[in-house]
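These notes are about the structure you will find just below.
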Amino acid sequence: MPKIEFRAESRTVECAPGTPLRDVCDQSKAKVPFGCRNGVCGTCEVIVMSGSENLSPVVAPEKETIESFGIPKGHRLACQVKVLGDCAVQPI
Ligand code: FES
Numbered sequence: 003m004p005k006i007e008f009r010a011e012s013r014t015v016e017c018a019p020g021t022p023l024r025d026v027c028d029q030s031k032a033k034v035p036f037g038c039r040n041g042v043c044g045t046c047e048v049i050v051m052s053g054s055e056n057l058s059p060v061v062a063p064e065k066e067t068i069e070s071f072g073i074p075k076g077h078r079l080a081c082q083v084k085v086l087g088d089c090a091v092q093p094i
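Under this note's numbering, read the sequence shown as residues 3 to 94, first letter to last.
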């Protein structure tokens with residue numbers, strides 16, 4: 003089971019492989035803010051502190067939002083990411 007560390011909250015939760023990070027945040031009541039939940043508004047931007055290789059690839063609409071907002075490399079939109087392995091994230 004993948005482990006997701008919410009670095010700012012100093013806690014780690016587990017989820018089934020392929021679980022949307024959005025669902026992990028909801029179920030664990032992680033302090034990641036959400037807006038549209040569709041990859042458009044950028045509200046759910048997180049810094050991936052480790053394990054970026056264990057997250058689903060960046061595809062539309064996340065790709066377009068990252069480009070249009072100038073979101074830095076290494077940051078992802080929590081509403082668009084699926085967790086495939088261990089990682090650590092932190093809201094911006
Ligand atoms: S909540 Fe809007 S982009 Fe994720």
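Think of the CB as a built atom: it goes at the ideal place given N, C-alpha and C, for glycine as much as any other residue.
All of these numbers come straight from a predicted model, not from anything done at the bench.
Check                                                                                                                          : Outcome
Indicate, with yes or no, if the ligand FES has a heavy atom lying under 7 Å from the CB of residue 14.                        : no
Going by other Cβ atoms of all chains shown within 10 Å of its Cβ, with 16 needed for buried, is residue 67 buried or exposed? : buried
Whole-angstrom Cβ separation of residue 47 and residue 73, contact assumed at under 8 Å?                                       : 6 Å
Can you pull the DSSP bridge partners for residue 2?                                                                           : Given a span of 3 to 94 for the chain in the structure shown, any question on residue 2 remains unanswerable.
Assuming residue 86 contacts residue 35 (C-beta within less than 8 Å), just tell me the rounded distance between them.         : The pair is not a contact, with the Cβ atoms about 23 Å apart (cut-off 8 Å).
I need the straight-line Cα distance from residue 83 to residue 23, nearest angstrom please.                                   : 6 Å
Could you tell me which residues DSSP puts in a beta bridge with residue 8?                                                    : 13, 91
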